[in-house]
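Notes for the one structure printed next.
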Amino acid sequence: MATKNVLDTVAKKFIQIGLPKDLFERNKFNLLVDRNKIIVRYPAPGVRSEVVETPTGVKTKVYVEPGTKLEEPVTLCFGAAETTEVQTTEGEIVVGEGADVKFQVYGAMAEGIKLKHKNKLKVRVEKNARFEFLDLHYNGEDTFVELDTETDAYIGENAYFRSVFKQTRGRAGKVRIVLKAQVDKKGVAVFETKMIGKKDDEIYVEDVIHLNGEESRGISKSRIIAVDETKATFVGETYGNAPRCRGHIDCSEVIRGKDVTVKAVPVVVVNDETAKVTHEAAIGSIDKKQLETLMARGLTEDEAVDVIVQGMLR
Amino acid sequence: MTPILTVNDVKLTIDGRPILKGVNLIVNEGEIHAVLGPNGAGKSTLAGLIMGINDLKEPDSGEIIFQDKLVNGLDITERAKLGITLAWQEPARFEGITVEEYLKLSGRNNPELDVVECLELVGLDCSYLNRFVDDTLSGGERKRVELASVLAMRPKLAVLDEPDSGIDFASMEDIANMIKTMRERGTTVLMITHREEIAEIADKATLMCDGKVVQTGDPKEVGQKFKTMCVKCEVRNPELVGGE
Numbered sequence: 000m001a002t003k004n005v006l007d008t009v010a011k012k013f014i015q016i017g018l019p020k021d022l023f024e025r026n027k028f029n030l031l032v033d034r035n036k037i038i039v040r041y042p043a044p045g046v047r048s049e050v051v052e053t054p055t056g057v058k059t060k061v062y063v064e065p066g067t068k069l070e071e072p073v074t075l076c077f078g079a080a081e082t083t084e085v086q087t088t089e090g091e092i093v094v095g096e097g098a099d100v101k102f103q104v105y106g107a108m109a110e111g112i113k114l115k116h117k118n119k120l121k122v123r124v125e126k127n128a129r130f131e132f133l134d135l136h137y138n139g140e141d142t143f144v145e146l147d148t149e150t151d152a153y154i155g156e157n158a159y160f161r162s163v164f165k166q167t168r169g170r171a172g173k174v175r176i177v178l179k180a181q182v183d184k185k186g187v188a189v190f191e192t193k194m195i196g197k198k199d200d201e202i203y204v205e206d207v208i209h210l211n212g213e214e215s216r217g218i219s220k221s222r223i224i225a226v227d228e229t230k231a232t233f234v235g236e237t238y239g240n241a242p243r244c245r246g247h248i249d250c251s252e253v254i255r256g257k258d259v260t261v262k263a264v265p266v267v268v269v270n271d272e273t274a275k276v277t278h279e280a281a282i283g284s285i286d287k288k289q290l291e292t293l294m295a296r297g298l299t300e301d302e303a304v305d306v307i308v309q310g311m312l313r
Numbered sequence: 000m001t002p003i004l005t006v007n008d009v010k011l012t013i014d015g016r017p018i019l020k021g022v023n024l025i026v027n028e029g030e031i032h033a034v035l036g037p038n039g040a041g042k043s044t045l046a047g048l049i050m051g052i053n054d055l056k057e058p059d060s061g062e063i064i065f066q067d068k069l070v071n072g073l074d075i076t077e078r079a080k081l082g083i084t085l086a087w088q089e090p091a092r093f094e095g096i097t098v099e100e101y102l103k104l105s106g107r108n109n110p111e112l113d114v115v116e117c118l119e120l121v122g123l124d125c126s127y128l129n130r131f132v133d134d135t136l137s138g139g140e141r142k143r144v145e146l147a148s149v150l151a152m153r154p155k156l157a158v159l160d161e162p163d164s165g166i167d168f169a170s171m172e173d174i175a176n177m178i179k180t181m182r183e184r185g186t187t188v189l190m191i192t193h194r195e196e197i198a199e200i201a202d203k204a205t206l207m208c209d210g211k212v213v214q215t216g217d218p219k220e221v222g223q224k225f226k227t228m229c230v231k232c233e234v235r236n237p238e239l240v241g242g243e
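One line per chain: the protein sequences are A and B, in this order.
Numbering-wise (numbering that gives the first Met the number 0), the first sequence opens with residue 0 and increments by one.
Numbering-wise (numbering that gives the first Met the number 0), the second sequence opens with residue 0 and increments by one.
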């Protein structure tokens, strides 16, 4: 475990890029990792975990005991306060039957650093459990991260899993996000991605949801704001494989800049006559009426764009 | 009477079609002025031209003068900063913006802003503050929030485009009272409508048809003319209005 000086240095750098100060002041972290060093580790009630430092990152195993219900989120941070060639994180999370927990995970890449971050995560949400995984990324404006993250999730009978990937500050960098879910009977999977790309950022997001159980549900939602020369692709695949399952893909991407390229690829496949999967996709500039409404209240065009974009990324 | 808004011989053609054919209108400071007319009369286009929306920064000819300042060519923000605002007939929806945030943005230059009071004046309670200004609001609720945002802004001139549309009949009195309150608080109201009963709360009314002003005067008289002249006018007939 690191000394207070190390924690203070990390805190300063992460707060600089927008991490809430409160997290450090009130010791909110259950786990804080800088590159491959565990800086803070503090148990949460009903949550067992193993965390191992590796040459390039950490491996974690988390088991949420059945029936555990936590009012406060389990707070984790995987970041880099200094440049390092590569950071790898591997994790397994099992949420036991009937548990109800929320993980708030901060990805913090300090101002000016460059690195490749690889992440693999396996999630298993057992019967009747509810699990929210909020993956909040903070990068500096001069940070460049190549992020490659894959999540494989199994959602058990009548279980609920919501995964939110959000990067609304700093540069996105070169990003590949793949989220996959197998959803059992009456289970629900909700994937949301909210990102802003600037300069020559490259964003690739792929959501794949297999609705395998009767009356299972899946929602895949993306909001990408592409600015300058950003290239962004969203692929949403939902497979309706079981009776009365329902899926929906909703992508709405905003372009700001003449050299932006944005692609949305919704794929809907239905293998059961009572299943239903729908999609809606919209790519375009900021809605003119929204813009004019805010301008008619006295906001400048730039202020209005900012309000609209921040709302979409909320 | 001091004119706050003067529309002087305004002509506008869109896609080769004349929409406004020399509109003249004077709105005096502190009054509620209704603009009545059937669909397609050019009322909403006039409202848009006053606010400068839909790329309608200036007419083909004529002048729009607000408090002695020519606003032709000014952008929307510049007009708003002069004290003009518009409430849309079908207001925009905003993802991720709460009613409270929307009202605070609208009223950010109003030192006496009270968002709860603004909501109450349009018949909504404070439970709406945390609602999002998105598709989860019904058409009527969104409309009320739009009017509340005008109250929050407290402009010198509020152009209300069909403030009564999407509002159920039983709630019309709320809307009428809200418009009167707006005026009591120093806002001149230019209200676009095609319902003569809501126009009756105005101090003055103007009847438009086929891109022209037909009559300006007492709201009851103008409303009566609208009722008798326009209701059966399924096809705009210049002879009926004494026009071309």
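Glycine is no exception: its CB is placed at the ideal position from the N, C-alpha and C atoms.
Here the structure is a predicted model, which means the values were calculated and not measured.
8 Å Cβ cutoff, residue i in contact with chain A
i        : result
Asn109/B : no
Ala201/B : no
Glu90/B  : Position check: residue 90/B holds Pro in this sequence, whereas Glu was assumed. So, interface residue.
Met152/B : yes
Leu189/B : no
Phe93/B  : yes
Ser164/B : no
Ile3/B   : no
Leu156/B : no
Gly242/B : Legend: pLDDT at Gly242/B = 40, less than 50; position of this residue unreliable, value from coordinates given subsequently. Not closer than 8 Å to any Cβ of chain A, the Cβ of Gly242/B fails to qualify, so no.
Contact with chain B by residue i, beta-carbon distance below 8 Å
i        : result
Val253/A : no
Ile92/A  : no
Leu298/A : yes
Gly56/A  : no
Met194/A : no
Ile223/A : no
Asn4/A   : no
Pick from the options that is closest to residue i, judged by C-alpha positions
i        : options                                : result
Glu62/B  : Asn71/B, Asp54/B, Lys56/B              : Asn71/B
Val253/A : Ala280/A, Val93/A, Lys275/A            : Ala280/A
Lys219/B : Lys203/B, Cys229/B, Val213/B           : Lys203/B
Asn23/B  : Lys211/B, Gly216/B, Pro2/B             : Lys211/B
Cys207/B : Val132/B, Ile200/B, Met228/B, Lys68/B  : One detail in the question is off: residue 207/B reads as Met in this sequence, not Cys. Out of Val132/B, Ile200/B, Met228/B, Lys68/B, Met228/B has the C-alpha closest to the C-alpha of Met207/B.
Lys74/B  : Ala295/A, Glu302/A, Asp305/A, Val306/A : The sequence shown places Asp at residue 74/B, not Lys. Measuring from the Cα of Asp74/B, the nearest candidate turns out to be Ala295/A.
Tyr127/B : Ser164/B, Asn27/B, Tyr101/B, Asn109/B  : Tyr101/B
Pro170/B : Ala157/B, Glu89/B, Ile197/B, Ser148/B  : First, the amino acid is wrong: residue 170/B is Ser here, not Pro. Of the candidates Ala157/B, Glu89/B, Ile197/B, Ser148/B, the one whose C-alpha sits nearest the C-alpha of Ser170/B is Ile197/B.
Phe164/A : Asp141/A, His136/A, Phe143/A, Pro42/A  : His136/A
Pro44/A  : Val100/A, Lys11/A, Arg34/A             : Val100/A
Pro19/A  : Arg34/A, Ile38/A, Thr74/A, Lys58/A     : Thr74/A
Thr148/A : Gln86/A, Ala128/A, Phe160/A, Gly111/A  : Gln86/A
Gly165/B : Glu140/B, Ser148/B, Arg153/B, Phe65/B  : Glu140/B
Ser284/A : Ile16/A, Thr55/A, Ser251/A, Arg245/A   : Ser251/A
Gln181/A : Thr237/A, Asp21/A, Ile282/A            : Thr237/A
Leu178/A : Phe160/A, Gly169/A, Phe13/A            : Phe160/A
Val207/A : Tyr105/A, Pro265/A, Gly186/A, Gly169/A : Pro265/A
Ser250/B : Cys117/B, Glu94/B, Gly95/B             : This structure leaves residue 250/B out entirely; chain B is present only between 0 and 243.
Give, in chain order, every residue of the segment 272 to 296 of chain A whose Cβ lies closer than 9 Å to some Cβ of chain B. Asp286, Lys287, Lys288, Gln289, Leu290, Glu291, Thr292, Leu293, Met294, Ala295, Arg296
Using Cβ-Cβ distances below 7 Å, what residues of the segment 40 to 53 of chain B are close to chain A? Met50, Ile52
Would you be able to state if there are at least three C-beta pairs under 8 Å between the segment 5 to 16 of chain B and the segment 283 to 298 of chain A? no
Quick one: which unbroken alpha helix (DSSP H) runs of 4-plus residues sit fully inside the segment 177 to 201 of chain B? Chain order, please. 195 to 198
Determine contact between the segment 22 to 39 of chain B and the segment 184 to 193 of chain B, defined as no fewer than three beta-carbon pairs at a distance below 8 Å. yes
To test your reading of the DSSP string, which unbroken alpha helix (DSSP H) runs of 4 or more residues are found completely within the segment 48 to 135 of chain B? 75 to 81, 98 to 105, 114 to 120
Could you tell me whether the segment 78 to 92 of chain B touches the segment 259 to 276 of chain A, using the rule of 3 or more Cβ pairs below 8 Å? no
Cβ pair count under 8 Å reaching 3, the segment 144 to 154 of chain A against the segment 119 to 134 of chain A: yes
Taking a Cβ distance cut-off of 7 Å, strictly less, list which residues of the segment 97 to 124 of chain B are near chain A, in chain order. Leu104, Ser105, Asn108
I'd like the ranges of any beta strand (DSSP E) spanning at least 3 consecutive residues and lying wholly in the segment 13 to 42 of chain A. 30 to 33, 36 to 40
Residues of the segment 8 to 42 of chain A with a CB closer than 8 Å to any CB of chain B: list them in chain order, please. none
Beta carbons nearer than 7 Å to chain A: which residues of the segment 66 to 84 of chain B have them? Ile75, Thr76, Ala79, Lys80, Thr84
Members of the segment 301 to 313 of chain A near chain B, C-beta cut-off 8 Å: Val306, Ile307, Gln309, Gly310, Met311, Leu312, Arg313
Along the segment 135 to 150 of chain B, what residues have a CB closer than 9 Å to any CB found in chain A? Glu145, Ser148, Val149
Given 8 Å as the limit, is there contact between the segment 298 to 305 of chain A and the segment 12 to 20 of chain B, that is, 3 or more CB pairs closer than that? no
Inter-stretch contact at 8 Å, needing at least 3 Cβ pairs: the segment 124 to 144 of chain B / the segment 95 to 109 of chain B: yes
Contact between the segment 32 to 51 of chain A and the segment 198 to 208 of chain A is defined here as three or more beta-carbon pairs at a separation below 8 Å; is this criterion met? no
Is the segment 215 to 229 of chain A touching the segment 174 to 191 of chain A in the sense that three or more CB pairs, one from each, lie closer than 8 Å? yes
Could you tell me whether the segment 239 to 248 of chain A touches the segment 208 to 215 of chain A, where touching means 3 or more Cβ pairs closer than 8 Å? yes
Would you call the segment 38 to 53 of chain B in contact with the segment 152 to 161 of chain B, where contact means no fewer than 3 C-beta pairs closer than 8 Å? yes
Taking the runs of the beta strand (DSSP E) that are 3 residues or longer, which of them lie wholly in the segment 8 to 48 of chain B? 16 to 27, 31 to 35
May I have a chain-ordered list of the alpha helix (DSSP H) segments no shorter than 4 residues that lie completely inside the segment 86 to 112 of chain A? none
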